[in-house]
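Taking it in order: structure first as structure tokens, then the write-up.
In structure tokens, the structure reads:
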């Protein structure tokens, strides 16, 4: 594995000339994926969302590779058409290059509105890597809750009010849902652990068939953290075991990183404005409930990975 | 060489698809289109086409995958009906905006609700402003011929727009008729090798950004070009028809005028109802009544000048719509024909009949009633009831 300095010198398929917000971690994820792809020719499909609107404002584009945006919920289906065209032309001997296919969608476009399209593409076995950049809400439209939003988070459609303390429900475990598709490769990543991320993307690109990667990609507007601390937000999510790093390779669950010492959840929560309302005397039980749920989920994962 | 065989509309469409032999088909079953997908799957399973078939999980994904494939330098097709087209809606517009020459048979079926599986034009009439070329077919022969011609129209460099080819659900899709078919080789020769006119995503050495964000500074130029492409489609449709006539002897235009030259009374109609109307025209002609018929083939682009020319000298016109637009001002065909007549030298009275919704039968008596009404309108020069509903319990 190359070191960070060497990696940062790679040009990659995503240029710095995009217009994502300062402190947004989505472009960091894309850059690391591009580093993992190296010189491999790729076609990227992008769901409607922050990454799409901020990277292709006509007549400009931040993409050095072939790139397609179709709509919000259909990225996986769109890319399955591209990948099928590739197979058709390959079979006919009209194309001989080896091309890889990568989809990027936010959590809204992946967990929610695009879940059917994604599930269909995975079930059909298209040779593609779908990467969800999970920032935990509909950030592009102004921070509305999605099924990826953490419980208790304050969003514009799950506001922390006098009677309801933010989002009521626990988040959907999309990574496990994708693992249940019995596809060759599924993984969860965070850009703070870039070697882990890059290794997983390379694995995903190498498998014959569909792969899914869930990448935590904090949003400074939605999470309300200091813009300098975007990647740190992902490190804390991993260290507190809110966002464990693991992979499911041909049905085998494996933890790829185990914190030496599990940090208390509050260390992650206290740096984010969306959880500020939890730090009052009356909401103390909610913080405890949150910690307990994270502990339970972590134990469950350890068991699945044969670590407990 | 042509062969005469008996096929249902769905069989004829599936056969035409096989002979076109597209690189990619992405489709989902829906009544009454299902047979097309089934028959085509059979061609794929038995190696009779080179097509890669994507068995998508919805029509939304069918159109999405077709857009992906068509953006990758291949010939791509799908097929649908009714709710399927409705589910595709969002991406139907994107396909046109991205100028992708996708060809899609649509077996017309009423839109819910109430849910209904039979033929009317509410599905494709709803898509009339989506930027697709729309060609309606009267029978199995026309469905077959139109689908083959649609490939050439869509892919013409002056056009580069998607084309939907319609036939009436069940009435045509499930009815066996004799038709002439071409050999696979002749169809292949006619449609030709696919030459991508758009940059392909798979040309990775020359990367392209497809489907960017265009705001108030560029969006309108995209739309203006789309409008121009639709304008450019008319001569291409005629040119392709001429070439097809040389190959098959079957002539197609923007519409088909039947005994219209000297007619006093004219009905304007789409698709299978034209057959019923033609029978009544002959019946009336025998009685010395100058009845005529205009069957519109191309609804998008709308041939307003040509229509006005052939309709101007009629004494009374009835436009029959197999869909309502709920504008409280008649069906879509009616309002457009009526608008086309505004600039005509003479403006004959025009009346609208909405009929056959949800597959309700339209028989000879219904058509006779329309011509009877036209006799009265021609005599008085007055339309008393602008919008009428035919064969309905009021």
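Residue numbers (my numbering), protein chains in the order written: chain G, 110 to 417; chain C, 215 to 608. Just so it is clear, CB atoms sit at the ideal spot from N, CA and C, and this is done for glycine as well. Here the structure is a predicted model, which is why all the values come from computation and not from measurement.
Neighbouring residues, chain G, relative to residue i (Cβ below 8 Å)
| i | result |
| --- | --- |
| residue 432 of chain C | 167, 168 |
| residue 237 of chain C | 194, 197, 198, 201 |
Cutoff 7 Å; reference residue i; Cβ partners in own chain excluding five residues on either side
| i | result |
| --- | --- |
| residue 454 of chain C | 363, 366, 367 |
| residue 401 of chain C | 233, 234, 362 |
| residue 377 of chain C | 317, 346, 347, 349, 364, 367, 368 |
| residue 386 of chain G | 263, 269, 274, 275, 392 |
| residue 375 of chain G | 396 |
| residue 572 of chain C | 324, 330, 332, 334 |
| residue 307 of chain C | 344, 345 |
Contacts that residue i makes with chain C (C-beta to C-beta distance below 7 Å)
| i | result |
| --- | --- |
| residue 119 of chain G | Correct list: empty, because the minimum Cβ distance to chain C is about 17 Å. |
| residue 362 of chain G | Correct list: empty, because the minimum Cβ distance to chain C is about 26 Å. |
| residue 177 of chain G | 282, 285, 415, 424, 425 |
| residue 206 of chain G | 418 |
| residue 189 of chain G | 268, 279, 282 |
| residue 183 of chain G | 274, 275, 278, 305 |
Own chain, CB closer than 6 Å to residue i, minus 5 neighbours either side, in chain order
| i | result |
| --- | --- |
| residue 446 of chain G | Outside the displayed span of chain G (110 to 417) sits residue 446 of chain G, for which this structure offers no information. |
| residue 296 of chain C | 323, 325, 337 |
| residue 339 of chain G | 132, 134, 327 |
| residue 339 of chain C | 537, 546 |
| residue 283 of chain C | 238, 290 |
| residue 448 of chain C | 515 |
| residue 170 of chain C | With chain C covering only 215 through 608, there is no way to say anything about residue 170 of chain C. |
| residue 145 of chain G | 307, 310, 311 |
| residue 137 of chain G | 300 |
| residue 231 of chain G | 290, 292, 319 |
| residue 407 of chain G | 350 |
| residue 263 of chain C | 232, 235, 257 |
Chain C contact residues for residue i, given Cβ-Cβ distances below 9 Å
| i | result |
| --- | --- |
| residue 135 of chain G | The premise fails here: residue 135 of chain G is roughly 16 Å from chain C at the closest Cβ pair, so nothing lies under 9 Å. |
| residue 418 of chain G | One cannot answer for residue 418 of chain G here, as it falls past the ends of chain G, which runs 110 to 417. |
Partners in chain G for residue i, counting only beta-carbon separations shorter than 7 Å
| i | result |
| --- | --- |
| residue 344 of chain C | In chain order: nothing, as chain G lies at least about 14 Å away. |
| residue 212 of chain C | Outside the displayed span of chain C (215 to 608) sits residue 212 of chain C, for which this structure offers no information. |
Chain C residues whose Cβ lies nearer than 8 Å to that of residue i
| i | result |
| --- | --- |
| residue 174 of chain G | 418, 421 |
| residue 180 of chain G | 278, 304, 305, 308 |
| residue 162 of chain G | 427 |
Beta-carbon neighbours of residue i, restricted to chain G and to distances below 9 Å
| i | result |
| --- | --- |
| residue 240 of chain C | 186, 189, 190, 193 |
Beta-carbon proximity list for residue i, same chain, < 8 Å, skipping 5 on both sides
| i | result |
| --- | --- |
| residue 342 of chain C | 348, 513, 514, 546 |
| residue 417 of chain C | 287 |
| residue 352 of chain G | 297, 299, 325, 343, 346 |
Counting pairs of Cβ atoms below 8 Å between the region 222 to 240 of chain G and the region 128 to 136 of chain G, do you hit three or more? As far as the Cβ criterion goes, the region 222 to 240 of chain G does not touch the region 128 to 136 of chain G, which means the pair count is below three.
Taking a cut of 9 Å between CB atoms, which residues from the region 397 to 430 of chain C lie near chain G? 413, 414, 415, 416, 417, 418, 419, 420, 421, 422, 423, 424, 425, 426, 427, 428, 429
Looking at chain G, which residues of the region 254 to 276 of chain C have a Cβ within less than 9 Å of any of its Cβ atoms? Listed in sequence order: 264, 265, 266, 267, 268, 269, 270, 271, 272, 274, 275, 276.
- Entirely within the region 279 to 336 of chain G and at least 4 residues each: give me those alpha helix (DSSP H) ranges in chain order. 283 to 288, 303 to 315
Ranges of the beta strand (DSSP E) found wholly within the region 349 to 425 of chain C, counting only runs of at least 3:
377 to 382, 390 to 396
Residues in the region 226 to 238 of chain G with C-beta within 9 Å of chain C's C-beta atoms, listed in sequence order?
226, 228, 229, 230, 232, 233, 235
For the structure I just gave you, are there three or more beta carbon pairs, one from the region 546 to 557 of chain C and one from the region 513 to 524 of chain C, closer than 8 Å?
yes
_If contact is defined by three or more beta carbon pairs under 8 Å, each pair taking one atom from either stretch, is the region 156 to 175 of chain G in contact with the region 420 to 432 of chain C?_
yes
- Ordered list of beta strand (DSSP E) runs contained in the region 276 to 362 of chain C, each at least 3 residues: 317 to 322, 347 to 350
Q: Could you name each continuous alpha helix (DSSP H) segment of 4 residues or more that falls completely within the region 538 to 605 of chain C, going from the start of the chain to the end?
A: 546 to 554, 578 to 594
In chain order, what are the residue ranges of uninterrupted beta strand (DSSP E) at least 3 long that sit wholly in the region 196 to 273 of chain G?
209 to 215, 238 to 243
* Examine the Cβ distances between the region 138 to 152 of chain G and the region 205 to 213 of chain G and report whether three or more of them are shorter than 8 Å. => Yes, the region 138 to 152 of chain G touches the region 205 to 213 of chain G.
task = Would you check if the region 293 to 306 of chain G and the region 215 to 224 of chain C touch, i.e. whether three or more CB-CB distances between them fall below 8 Å?
result = no
message: What ranges does the alpha helix (DSSP H) occupy inside the region 482 to 518 of chain C, keeping only unbroken runs of at least 4 residues that lie completely in it?
response: 487 to 500
Item checked: the region 467 to 481 of chain C / the region 503 to 514 of chain C touching (three or more Cβ pairs under 8 Å) -> yes
Quick check: the region 235 to 247 of chain G against the region 257 to 269 of chain G, are there 3 or more CB pairs under 8 Å? yes
Interface residues of the region 139 to 151 of chain G facing chain C [CB-CB below 7 Å]: Under the 7 Å Cβ criterion, the region 139 to 151 of chain G contributes 150.
Requested in this report: Select from the region 297 to 328 of chain C all residues with a C-beta closer than 8 Å to any C-beta belonging to chain G, and list them in chain order.
Outcome: Those residues of the region 297 to 328 of chain C that come within reach of chain G (Cβ to Cβ, closer than 8 Å) are 304, 305, 308.
Next on the checklist: Which runs of the alpha helix (DSSP H) at least 4 residues long sit entirely within the region 333 to 358 of chain G? Give them in chain order.
Outcome noted: Taking only runs of at least 4 residues, the alpha helix (DSSP H) segments lying wholly in the region 333 to 358 of chain G are 339 to 348.
- Residues within the region 262 to 274 of chain G neighbouring chain C, beta-carbon criterion of under 7 Å: Interface annotation for the region 262 to 274 of chain G against chain C: empty, criterion Cβ-Cβ distance under 7 Å.
Requested in this report: Taking 8 Å as the threshold, find out whether the region 318 to 327 of chain G comes into contact with the region 294 to 301 of chain G through three or more Cβ pairs.
Outcome: yes
Q: Counting only runs of 4+ residues fully inside the region 369 to 402 of chain G, write out the alpha helix (DSSP H) ranges in chain order.
A: Runs found: 375 to 378.
>> Across the region 374 to 394 of chain C and the region 217 to 226 of chain C, are there enough close Cβ pairs to call them in contact, namely three or more that are closer than 8 Å?
In response: yes
>> Any contact between the region 329 to 347 of chain G and the region 169 to 179 of chain G? By contact I mean 3 or more CB pairs, one from each, below 8 Å.
In response: no
Check: In chain order, which alpha helix (DSSP H) runs of at least 4 residues are fully inside the region 128 to 175 of chain G?
Finding: 135 to 146, 159 to 164
* Asked: What residue ranges within the region 217 to 268 of chain C form continuous beta strand (DSSP E) runs of no fewer than 3 residues, ordered along the chain?
  -> 238 to 240, 266 to 268
Would the region 299 to 314 of chain C and the region 431 to 445 of chain C be scored as touching if the rule is three or more Cβ pairs under 8 Å? Here the region 299 to 314 of chain C lies against the region 431 to 445 of chain C, with 3 or more beta-carbon pairs under 8 Å apart.
Exercise for the section: Report yes or no: do three or more beta-carbon pairs, one from the region 522 to 533 of chain C and one from the region 484 to 501 of chain C, lie closer than 8 Å? Expected result: no
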